[in-house]
Structures are given as C-alpha cells and as structure tokens.
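Chemist: Counted from 1, the sequence shown has number 294 at position 297 by the numbering used here; the numbering is strictly sequential.
Idealized CB from N, CA, C, for every residue including glycine.
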Amino acid sequence: MSASGTSSFFKQVNIMFDRAAVHTPHPTGLLNQIKSCNSVYQVGFPIVRDSGKIEVIRAFRAEHSHHKQPTKGGIRYAAVVNADEVMALAALMTYKCAIVDVPFGGAKGGIAINRHDYSEKELERITRRYTFELARKNFIGPGVDVPAPDYGTGAQEMTWILDTYTSVTDNPLDALACVTGKPVGHGGVRGRVEATGRGVFFGIREACDIEEDMKALGLSKGLKGKRIVVQGLGNVGYHAAKFVEESGAIITGLAEYEGAIYNPDGLKLEDVMVHRLGTGTILDFPGAHNLTRSADALDLPCDILIPAALEGQIRSDNADRVQAKIVAEAANGPITASADKLLSDRGVMIIPDMYLNAGGVTVSYFEWLRNLSHVRLGRMSRRFEAHNARRILQSVEALVDQRLGSPSAMPSQIMPDLAFGASEEDLVNSGLEDTMVGAYQEIRDSARRHKTDLRTGAFVSSIDKIAKGYKQLGIFP
Ligand code: GLU
-2 MSASGTSSFF KQVNIMFDRA AVHTPHPTGL LNQIKSCNSV YQVGFPIVRD
48 SGKIEVIRAF RAEHSHHKQP TKGGIRYAAV VNADEVMALA ALMTYKCAIV
98 DVPFGGAKGG IAINRHDYSE KELERITRRY TFELARKNFI GPGVDVPAPD
148 YGTGAQEMTW ILDTYTSVTD NPLDALACVT GKPVGHGGVR GRVEATGRGV
198 FFGIREACDI EEDMKALGLS KGLKGKRIVV QGLGNVGYHA AKFVEESGAI
248 ITGLAEYEGA IYNPDGLKLE DVMVHRLGTG TILDFPGAHN LTRSADALDL
298 PCDILIPAAL EGQIRSDNAD RVQAKIVAEA ANGPITASAD KLLSDRGVMI
348 IPDMYLNAGG VTVSYFEWLR NLSHVRLGRM SRRFEAHNAR RILQSVEALV
398 DQRLGSPSAM PSQIMPDLAF GASEEDLVNS GLEDTMVGAY QEIRDSARRH
448 KTDLRTGAFV SSIDKIAKGY KQLGIFP
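1. For the segment 441 to 457 against the segment 23 to 30, are there 3 or more C-beta pairs whose distance is under 8 Å?
2. Is the segment 358 to 374 touching the segment 173 to 192 in the sense that three or more CB pairs, one from each, lie closer than 8 Å?
3. Out of Glu255, Gly471, Tyr467, which one is the CA nearest neighbour of proline 100?
4. Can you list, in chain order, the residues of its chain whose CB lies under 6 Å from that of leucine 86, leaving out five sequence neighbours each side?
5. Is the CB-CB distance between glycine 71 and tyrosine 148 below 9 Å?
6. Take every Cβ of the segment 430 to 440, pair it with every Cβ of the segment 191 to 208, and state whether three or more of those distances are shorter than 8 Å.
7. Measuring only from the beta carbon, is aspartate 98 closer than 8 Å to any heavy atom that is part of ligand 1?
8. May I ask you to report which of helix, strand or coil DSSP gives serine 36?
9. For arginine 46, which residues from the same chain have a beta carbon less than 7 Å from its beta carbon, with the 5 sequence-adjacent residues on both sides left out?
10. Report the partner residues of lysine 69 according to the DSSP bridge assignment.
11. Output the distance between the C-alpha atoms of aspartate 81 and arginine 388, rounded to the nearest integer angstrom.
12. Below 8 Å CB to CB, which residues in the same chain sit around isoleucine 311 once its five sequence neighbours on both sides are set aside?
13. Considering only residues of the segment 333 to 406, which uninterrupted alpha helix (DSSP H) runs meet the minimum length of 4 residues and lie entirely inside it, listed in chain order?
14. Does the distance between the C-beta of aspartate 147 and the nearest non-hydrogen atom of ligand 1 fall short of 8 Å?
15. Please confirm whether leucine 424 and alanine 386 have their CB atoms less than 9 Å apart.
16. Can you tell me whether leucine 131 is buried or exposed? The criterion is at least 16 other CB atoms within 10 Å of its CB, across all chains shown.
17. Looking at isoleucine 247: is its Cβ nearer than 9 Å to the Cβ of aspartate 262?
18. Quick check: what's the CA-CA separation for asparagine 232 versus glycine 284?
19. Alanine 61 and cysteine 94 look like a contact to me (Cβ under 8 Å); what is the Cβ gap, rounded to whole Å?
20. How would you label serine 459, buried or exposed, when you count the other beta carbons within 10 angstroms and need 16 or more for buried?
21. Kindly indicate which three-state DSSP category phenylalanine 473 falls into: helix, strand or coil?
22. Find the nearest neighbour of alanine 17 within the set Cys299, Arg380, Phe381, Arg446, judged by alpha-carbon distance.
23. Just to confirm, does lysine 239 get its C-beta within under 8 Å of one of the non-hydrogen atoms of ligand 1?
24. Would you call histidine 63 buried or exposed, if buried means 16 or more other Cβ atoms sit within 10 Å of its Cβ?
25. Taking its Cβ as the centre, do 16 or more other Cβ atoms sit within 10 Å of proline 139, making it buried, or is it exposed?
26. Check whether the Cβ of alanine 355 lies closer than 8 Å to any heavy atom of ligand 1, and answer yes or no.
27. Could you pull out every residue in the same chain whose Cβ sits closer than 6 Å to the Cβ of tyrosine 488, ignoring the five residues on either side in sequence?
28. With a Cβ-Cβ cutoff of 9 Å, do alanine 75 and glycine 107 count as a contact?
29. For serine 361, verify whether its CB is less than 8 Å away from any heavy atom of ligand 1.
30. For proline 43, which beta-bridge partners are listed by DSSP?
31. Taking only runs of the alpha helix (DSSP H) that begin and end inside the segment 7 to 35, which ones reach a length of at least 4 residues, in chain order?
32. Quick check: what's the CA-CA separation for isoleucine 348 versus tyrosine 235?
33. Taking its Cβ as the centre, do 16 or more other Cβ atoms sit within 10 Å of serine 403, making it buried, or is it exposed?
34. Under the three-state reduction of DSSP, which class applies to valine 97: helix, strand or coil?
35. Cβ of asparagine 329 versus every heavy atom of ligand 1: is any distance shorter than 8 Å?
36. Counting only the same chain and skipping the five closest in sequence on each side, list residues whose C-beta sits under 8 Å from that of serine 291.
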C-alpha cells in the first residue's frame, strides 16, 4: 500500500490523465509516451550514524518527461517515499510545468527517512551523498535535472546540494543553477519561500472572483468572508492560510499531525502559530474545539477546504463526508482518482494541484534564469525605471503649473510612492501573479470548451502543450 491508500499513486494520476485524454485528438502512441515515466533511479547507500552504526539509506529520483530539458521537481524526505510515489509526483510536475508555461520536464526525488530521526550532521551526510550519487548517474545539473525543496526539505538541504554539485562538476560557471529554493545569499530569489502558498492564494482568489461559478456553488463572489479549513501548516499550508486570511477569508479549521482545531467564528493564524510554538501543539487553542483525529478536519463544515499535506487524504471512503463546496489542492495528489469522481459528480469544485501549487516551480524558474544570467532580476532596469517615473511626474507637475499659472504643491509622498523601480521581490511576485491569473483562465476555458471539470480541463491543456513539444522535437508526425 502506498501513502495514497491504494496500490499505486502513479496509476491514480494516469487514470485522471486517461479521463482527459479522450478529449484530445492525439494518437494513442503519443499519449502513452506522454504519460510514461522515462527514467527512475533508485539507490541504496550507507551512512555512518552519529552513534557509529552504519545504516543503508534508500533514495530515488524520477525524471518523468524529457520533452523539455532540464527536468525539474522537488526532493522530499519522508519515511513513506518509494519509487511509485516519486514517479507519480514527477508526472504531476510535467503537467504542472506545461500549464504555467515553464519550459521544464517533470521530475521528483525522495529519500526514505523521517528527518526528525536524524541529527543535522547526519542529514548533511545523507544529502551530500545523495547528491553525489545523482551526479555520478547524470541525474542532476543546470541543463539536466534541477531539484528544489519539497515535503521535509528546505533551503538548508538545497545549499548542501549546491555545494556538493559544485565540487564535482566541470562547469562551475553555471553550477548555481543546479538546484533552486536556495537561500537568498546563495543565489536564491526573494519570494521563493512563500511562492507556492502565494500561488495557492492567487488561484483561489481567481476562482472566487468569477461570479457565475460562485453562484453555481451557492456562494457569493470574492474571498472575503469565506470559511476556510487548512490541512497542514508546513511552508505551503501556512503561507496559503496567511494570504487568504489577509484578504478577508476566515480560517475556521486547522489540522496538523497532533490533531485539529475548529472555531466557526475564526482562528487567528499567527496566534495559533505562537500557541503551537509555546506548547508544542495546535490543540487546546483558546476558544477552539479540539479534534483528536487530525483527518476529521476534512469533514468540517466550510466553504473552502485546502489540503496542504500529503497525497491520498480524500479517498472513496471519506469523500462523502467532505462538506466544502471548493477543494483547493495545495498538496500534490490529495484526492484519489475515485474520490475525484465522487466529488465532481456531487458538484464540488476542485481546483487541481497541477495548477494550484505551480507557484513554487514558477518562481524556481525565475531563480534558475537569474542563476544562468548571473545577474539579479531588475538590477539593470530598477534605477532607470525610477528615473523615468520621476521624469513623467515632473512633466505632469510642470503642465499643471502652466495651466494654473502658479506652482502647484504636489503632496510630498506622491513622488516616492510612484517613482520607484521594481525590486527583485516585486518582479518575482508580479511574475507569479500574472502566471497564476493567466493559467486559471486557461484551465477554466479548457474545462468549458470540453464541458468538463477544472482538473480534466487542466490535463487537456497540458497534454496539448506536451504533444506540441514532442512534435517540435520531430519525434512524432
Ligand atoms: N516541490 C515543489 C512542487 O512540487 C517545487 C518544485 C520546483 O520548484 O522545482 O511543485
């Protein structure tokens, strides 16, 4: 059994692919090539624990599609990691990159460890050895395969990967681009940490802004006042919750390993985080009800449910209990193929993972571009833009003076407010917003054209783009 609760997560992804493929004109051979996983590397290597004992670590990297290169996708550290899981997640990366027009094939890696069972030094040894094994087999490199953070990993692991890769490559000039999600001081971009959660927010906001679609669900337009339950307070879940709360939604339920909390009047996210830091648990938060079984949070009454933990959370055995009108898939694969059908048949709107959590890889793309161009985004244009805006404002001021025949007093704050050049973070965030807004329209249009749901619409749009990519390679007629 995999974490998805059925025999194969990869099969689940392919069932959903097949549901969409019937809406496309592509020949079976091409569709089979698109959905198959091109390469899977599985390795076992020994590490010496701090205790002196030797332990064999099992690690994986799957490259799903090479229709574009490099391949791209995160590396997760979790006890349940296996070959099937990384293949499924790599496939989702392929479809995700296509939807947001990021020119990568999909990949995913994982190490089968629970990171809390290892010391910092042990994690460093494991990460470095894993990177070395990938490099030996040509499974990492700026133009080959570019890892990033995922469940259980973050900027620290990316720095170890970068350092190890740099020490073995014969192309040190571009080595910075061998991995994304690095700290800002090591070639990372500002805004990458929040990117996936911010993208989730943009996606939900877009969905809620379409009055016709909200009306069909019996909801009002806009995010303001919507009741939201979030499962998982990791990087993605936390930031998604933070941004939706900032835009006026009400967080009514939060779930973590230790259990879940619920308050129909709303939970203040930052207060919950402070409470968890102090007590080690979200439970017993003042004013909230405790749910000792964390998974029960999925059944709470709400408008929008955001699963932001692992795959296979909503299955055929619990899908009927979901009360949300919208399920926003911040995690990869949180709904199994059978549950997807049950929910869609009931008219629940599912904003699919391959679109909704694409903000991370979108900003990874910006980071990769920055590393290859060896220049900070906006470095050459920022001052120029600021001067330009200043010149325009001064001309307006002069024209107004001329009209009035006397000097007008421009409020002193206007100039600094309007005459600034975009910083790297501004560029990253606006590039991310533009991508998420455009891609939502695209998957919605596709769904409407084919009279189907958003996931199938997203798959169709993605399959068409990948098919085009293969045709450009001249492999298929
Ligand atoms: N792990 C993230 C994802 O599943 C980011 C991947 C990346 O940036 O390459 O989308």
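Modeler: On the basis of the coordinates in this document:
1. Put simply, the segment 441 to 457 does not touch the segment 23 to 30. Fewer than three CB pairs are less than 8 Å apart.
2. Contact between the segment 173 to 192 and the segment 358 to 374 is present: 3 or more CB-CB pairs across the two stretches fall below 8 Å.
3. Walking along the sequence shown from the start, residue 100 turns up at place 103. Cα-wise, what sits closest to proline 100 is Tyr467.
4. Residue mapping note: residue 86 aligns to position 89 of the sequence shown, counting from 1. The residues Lys105, Asn329, in chain order, have a CB closer than 6 Å to that of leucine 86 in the same chain once the five nearest residues on each side in sequence are set aside.
5. One-based indexing of the sequence shown puts residue 71 at position 74. One-based indexing of the sequence shown puts residue 148 at position 151. Yes, the pair counts as a contact, with Cβ atoms nearer than the cut-off.
6. Contact holds: three or more Cβ-Cβ distances are below 8 Å.
7. Position 101 of the sequence shown, counting from 1, holds the residue named residue 98. Result no, Cβ not under 8 Å from ligand 1.
8. Here residue 36 is taken as the residue at index 39 of the sequence shown, counted from 1. Under the three-state reduction of DSSP, serine 36 is assigned to strand.
9. Counting from one through the sequence shown, the residue named residue 46 turns up at place 49. Within the same chain, Cβ atoms closer than 7 Å to the Cβ of arginine 46 are found at Glu52, Glu119, the five residues on either side in sequence being excluded.
10. The sequence position of residue 69 within the sequence shown is 72, counting from 1. Paired residues: Gly103, Val143.
11. Position 84 of the sequence shown, counted from the start, is the residue given in the question as residue 81. Position 391 of the sequence shown, counted from the start, is the residue given in the question as residue 388. Looking at the two C-alpha atoms, the distance is approximately 59 Å.
12. The count along the sequence shown starts at 1 and reaches residue 311 at position 314. The answer, listed in chain order, is Leu295, Pro304, Val319, Val324, Pro331, Ile332, Thr333, Ala336, Leu340.
13. With a minimum length of 4 residues, the unbroken runs of alpha helix (DSSP H) contained wholly in the segment 333 to 406 fall at 334 to 342, 350 to 353, 356 to 370, 379 to 401.
14. Working through the sequence shown from its first residue, we reach residue 147 at position 150. Indeed, a heavy atom of ligand 1 lies less than 8 Å from the Cβ.
15. Walking along the sequence shown from the start, residue 424 turns up at place 427. Walking along the sequence shown from the start, residue 386 turns up at place 389. Not a contact, by the Cβ cut-off of 9 Å.
16. Numbered from its first residue, the sequence shown carries residue 131 at position 134. With 16 or more Cβ atoms within 10 Å of its Cβ, leucine 131 is classed as buried.
17. What you label residue 247 is simply residue 250 of the sequence shown in a count that begins at 1. What you label residue 262 is simply residue 265 of the sequence shown in a count that begins at 1. Yes, the pair counts as a contact, with Cβ atoms nearer than the cut-off.
18. The residue labelled residue 232 in the question sits at position 235 within the sequence shown. The residue labelled residue 284 in the question sits at position 287 within the sequence shown. Glycine 284 has its alpha-carbon roughly 25 Å from the corresponding atom of asparagine 232.
19. As a first step, residue 61 is located in the sequence shown; it is residue number 64 there, counting from the start. As a first step, residue 94 is located in the sequence shown; it is residue number 97 there, counting from the start. Correcting the residue type first, residue 61 is histidine in the shown sequence and not alanine. Approximately 10 Å separates the beta-carbon atoms of histidine 61 and cysteine 94; this is outside 8 Å, ruling out the contact.
20. In the sequence shown, residue 459 corresponds to position 462, counting from 1. Taking every protein chain shown into account, the CB of serine 459 has 16 or more other CB atoms within 10 angstroms, so this residue is buried.
21. Taking the first residue of the sequence shown as position 1, residue 473 is located at position 476. Coil.
22. As a working note, residue 17 is residue 20 in the sequence shown. The option with the nearest alpha carbon to alanine 17 is Arg446.
23. Within the sequence shown, residue 239 is the residue found at index 242, counting from 1. Checking the Cβ of lysine 239 against ligand 1 gives no.
24. Locating residue 63 in the sequence shown gives position 66, counting from the first residue. With at least 16 other beta carbons inside 10 angstroms of its own, histidine 63 counts as buried.
25. Mapped onto the sequence shown, residue 139 falls at position 142. The residue is buried, with at least 16 neighbouring Cβ atoms inside 10 Å.
26. Position 358 of the sequence shown holds residue 355. The closest heavy atom of ligand 1 lies less than 8 Å from the beta carbon of alanine 355.
27. No information on residue 488 is available, as it lies outside the stretch -2 to 474 that the chain covers here.
28. Within the sequence shown, numbered from 1, the residue matching residue 75 stands at position 78. Within the sequence shown, numbered from 1, the residue matching residue 107 stands at position 110. Taking 9 Å as the Cβ cut-off, alanine 75 and glycine 107 qualify as a contacting pair.
29. Numbered from its first residue, the sequence shown carries residue 361 at position 364. The beta carbon of serine 361 sits closer than 8 Å to at least one heavy atom of ligand 1.
30. On the sequence shown, position 46 is the one that residue 43 refers to. DSSP, once it has assigned bridges, lists Val53 as partnering proline 43.
31. Here the runs fully enclosed are 25 to 32.
32. Within the sequence shown, numbered from 1, the residue matching residue 348 stands at position 351. Within the sequence shown, numbered from 1, the residue matching residue 235 stands at position 238. Distance between the alpha carbons of isoleucine 348 and tyrosine 235 is about 18 Å.
33. Taking the first residue of the sequence shown as position 1, residue 403 is located at position 406. That one is exposed.
34. Residue numbering aside, residue 97 sits at position 100 when the sequence shown is read from its first letter. Reduced to three states, the DSSP call for valine 97 is coil.
35. Here the question's residue 329 lines up with position 332 in the sequence shown. Yes; taking the cut-off as 8 Å, the Cβ of asparagine 329 has a heavy atom of ligand 1 nearer than that.
36. Numbered from its first residue, the sequence shown carries residue 291 at position 294. Excluding residues within five positions, the ones whose Cβ falls inside 8 Å are Gln228, Ala252, Glu253, Tyr254, Glu255, Gly256, Ala257.
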